[in-house]
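So the structure is just underneath, and the comments pick up after that.
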Ligand code: CO
């Protein structure tokens with residue numbers, strides 16, 4: 005697979021409204037969009053650094069994976085996302101190498117990206133997302 009760069013760092017927060025002023029007013033990152041991604045159970049608040057984005061993730065409900073992450077580990081870095089040129093080729097390569105992925109196929113994530121998550125047990129403890137630009 006070909007990695008094109010770090011697409012975003014995702015940070016689990018309890019409350020976007022309380023967390024966002026640091027990113028928008030102190031670091032003065034440009035706000036791109038706030039989006040609800042039902043399939044992932046999150047509300048995501050996305051900022052541009054110029055080289056890779058920061059996404060704040062807030063739980064959309066009790067069953068959200070962000071809820072269990074916050075309960076187990078507290079607020080903090082949730083996953084790192086790398087942009088790839090071809091998500092389906094990347095998934096095949098992961099499968100061929102017995103790397104544990106969290107879905108059968110690519111899913112559609114925030115901003116219409118095609119995404120897949122790699123289990124932390126295959127990466128040294130970090131949830132890794134791969135994403136192909138729409
Ligand atoms: Co992400």
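Residue numbers (the numbering used here): 5 to 138. All residues carry an ideal CB built from backbone N, CA and C; glycine is no exception. Because the structure is a prediction, the values reported are computed rather than measured.
- Within the DSSP bridge table, the entry for residue 51 names 35 and 58 as partners.
- One residue after another in chain order, those with a Cβ under 6 Å from a heavy atom of the ligand CO are 12, 14, 59, 83, 85 and 133.
- A residue is called buried when at least 16 other Cβ atoms come within 10 angstroms of its Cβ; residue 121 meets this threshold and is buried.
- Here residue 84 is near residue 13, since their CB atoms are less than 7 Å apart.
- For residue 63, the beta-bridge partners assigned by DSSP are 46.
- Of the residues assessed, residue 42 falls on the exposed side of the cut-off, its CB having fewer than 16 other CB atoms within 10 angstroms.
- In summary, residue 81 is exposed, with fewer than 16 beta-carbon neighbours lying within 10 Å of its beta-carbon over all protein chains present.
- Nearest in C-alpha terms to residue 6, of all of 61, 92 and 37, is 92.
- Looking at the backbone, the Cα of residue 34 and that of residue 17 are separated by about 19 Å.
- Less than 7 Å separates the beta-carbon of residue 46 from that of residue 61.
- Residue burial annotation: residue 31 is exposed, with fewer than 16 other C-beta atoms found within 10 angstroms of its C-beta.
- The bridge partners DSSP lists for residue 132 are 84 and 122.
- Annotation: the continuous beta strand (DSSP E) that includes residue 11 extends over 7-16.
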